[in-house]
Amino acid sequence: MERDPRIRPALLQERYQGKVRCLTCERRCLLEEGKEGFCKTRRNVGGTLYTLVYGEIAPGESGIALNPIEKKPIYHFKPGTMCLTVGTWSCNFSCPWCQNHSISKRPDLIGTGYYLDPETFLELAEEMGAEGTSISFNEPTLLLEYSLDVFHLAKKRGLYNTYVTNGYMTLEALRLLIQSGLDAMNIDMKGSAETYRRFCGADGEVVWRNARFAKGEGIWVELTTLIIPGVNDDEGTLRGIARRIRRELGSDTPWHVTGYYPAYRFTAPPTPLATVQRAWEIGKEEGLDFVYVGNFPGHPLENTYCPNCGLLIVERAGFGVRRVRLENSSCPRCHVALPIKV
């Protein structure tokens, strides 16, 4: 098993009576001998849980790419910088509208990618001029063991580390990520409890718990809600998300409201711009300082404005940054402190 560098003992597991419980995400799959969990990236072999995807990168730009950090999207941490991003196969959610289904819904392709060891990944990042790393594209929690090694080595090289996640990892996994050097994360906030239960097969409270914990540990946290017609575009759901962000994470937590396009098994029409703009209005009505319209390149509401005086602080064009107007982390006009780490 261990001759293939992608196949290694999983870090978080409980063994008993020939079965193994995976403690990587909150599904906590209990596996009999020879069986794999929900995500198919971990297998019980001889009473030990193995990850099958350590350092396995999906081919093409779906698996590795040099991205602006704004593409995550993360807007308030290192704006205008580039991060080398990697991802593998599969996911621990069952969303039928997945925008990255070519890799996240293909556990059958596990073993067909290529191996990229952490040292080579970081050497490549520096050669390409990246200032940080990102584990993304599919659900990064499935690359937990790899992420920990990458993050630890990245810190030694002076690089930052980011995660783009559905937020369904166990607290044990999240603690390890933070201890290894996680700096910032974007967490996908799908919608109401019913949205999570019906479409994702998951408990949304876990996601809120992890967002609170990460923020409390000093990790920069931003949230994204992909607004999907007939799923989470009603005012009650959107207002509920906005209220919880303000109450549990703070009014300075950025919320990205983005437009959906038909993908995978979901055929609802694309989200109208008016719906996304209404979500932006709801966020502002509920007291959030930084709400952003996404997936509509060039829209003025993808810019950052001072919540006190309205001055344009960060001007964006799609995933690019045209200018950043900060003086000692404050607005240059009214001098209010702004939560943006450059």
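For reference, each letter of the sequence shown is one residue, going 499 to 840 in my numbering.
All C-beta atoms in this analysis are idealised placements derived from N, C-alpha and C, irrespective of residue type, glycine included.
In terms of Cα proximity to Ser678, the closest of Thr802, Ser602, Ile739 and Leu651 is Leu651. Less than 8 angstroms divides the Cβ of Val704 from the Cβ of Glu524. Around the beta carbon of His754, 16 or more other beta carbons sit within 10 angstroms, so the residue counts as buried.
Every unbroken stretch of the alpha helix (DSSP H) spanning 4 or more residues and falling wholly within the stretch 595 to 662 is given here in chain order: 599 to 602, 616 to 625 and 642 to 654. For Gln511, the beta-bridge partners assigned by DSSP are Cys520. Secondary structure at Ser828: strand, using DSSP grouped into helix, strand and coil. Burial state of Ser827 is exposed, judged by a 10 Å Cβ sphere holding fewer than 16 other Cβ atoms. Shown here, Ile739 sits in a helix according to DSSP, grouped into three states. Taking a cut-off of 8 angstroms for Cβ pairs, the stretch 623 to 638 and the stretch 757 to 770 do not touch, as fewer than three such pairs fall below it.
Shown here for Asn801: same chain residues with a beta carbon closer than 7 angstroms to its own, the five before and five after excluded, namely Leu810, Val812, Glu813 and Arg814 in chain order.
One alpha carbon belongs to Leu528, the other to Tyr644, and they sit about 22 angstroms apart. Per the C-alpha coordinates, the member of Asp750, Cys596, Trp706 and Ile676 positioned closest to Gly716 is Ile676.
Going by beta carbons, Thr668 and Leu510 fall inside the 8 angstroms limit. Taking a cut-off of 8 angstroms on C-beta distances, the stretch 694 to 708 does not touch the stretch 733 to 741, as fewer than three cross pairs fall below it.
Residue pairing from DSSP places Lys839 in a beta bridge opposite Phe575.
With distances taken between CA atoms, Val648 lies nearest to Leu680 out of Ser600, Leu680, Glu625 and Trp778. Three or more Cβ pairs closer than 8 angstroms define a contact, and the stretch 776 to 792 falls short of that threshold against the stretch 528 to 539. The alpha-carbon separation between Leu657 and Glu621 amounts to approximately 11 angstroms.
Close CB contacts of Asp615 within its chain, under the 8 angstroms cut and outside five residues either way in sequence, are with Pro503 and Gly553 (chain order).
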